[in-house]
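The structure appears right after this line, and notes come after that.
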Amino acid sequence: VSPEMLEQVRGICGKVGAWLIVDNTYENFVNYGGGQSTKAPSAGEIGFVQGSNVVNIFSFSKCYGMMGHRVGYIAYDRDDVE
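Residue numbers (this note's numbering): -14 to 67.
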């Protein structure tokens, strides 16, 4: 999903009072398609969507091969959480 589309969805969610939860679990994966290895752009590189109604979810277990473990973190604007 493009950063522009995420911003558009964030705006729609904000208008109706909904949270946008963005799963960034695969941000560090490498794409081996087409015989060329390219690293997937990270959330920081694409400027992940931020806002008072946005929760970003990240995972360590996928990118570090920790199968069966659920290790990660979330990022949100804590000033807007009651």
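Just so it is clear, CB atoms sit at the ideal spot from N, CA and C, and this is done for glycine as well. Quick caveat, the model's predicted, so the values are computed rather than measured.
To the nearest angstrom, how far is the alpha carbon of Val56 from that of Asp8? Answer to the nearest angstrom: the Cα atoms are 14 angstroms apart.
Report the partner residues of Ala60 according to the DSSP bridge assignment. Looking at the DSSP assignment, Ala60 forms a beta bridge with Asn41.
Just how far apart, CA to CA, sit Gly50 and Arg(-5)? Spanning the two alpha carbons is a distance of roughly 31 angstroms.
Within 10 angstroms of its Cβ, does Val34 collect 16 or more other Cβ (buried), or is it exposed? It counts as buried.
Output needed for Tyr58: all residues of its chain with C-beta closer than 7 angstroms, excluding positions within five of it in sequence on either side, in chain order. Shown here for Tyr58: same chain residues with a beta carbon closer than 7 angstroms to its own, the five before and five after excluded, namely Phe43 in chain order.
Mapping the DSSP letters down to three states, classify Val(-6) as helix, strand or coil. Reduced to three states, the DSSP call for Val(-6) is helix.
Cα separation between Gly2 and Val40? Taking the straight line from one Cα to the other gives about 14 angstroms.
Whole-angstrom distance between Trp4 and Cys(-2), CA atom to CA atom: Rounded to whole angstroms, the separation of the alpha carbons of Trp4 and Cys(-2) is 6 angstroms.
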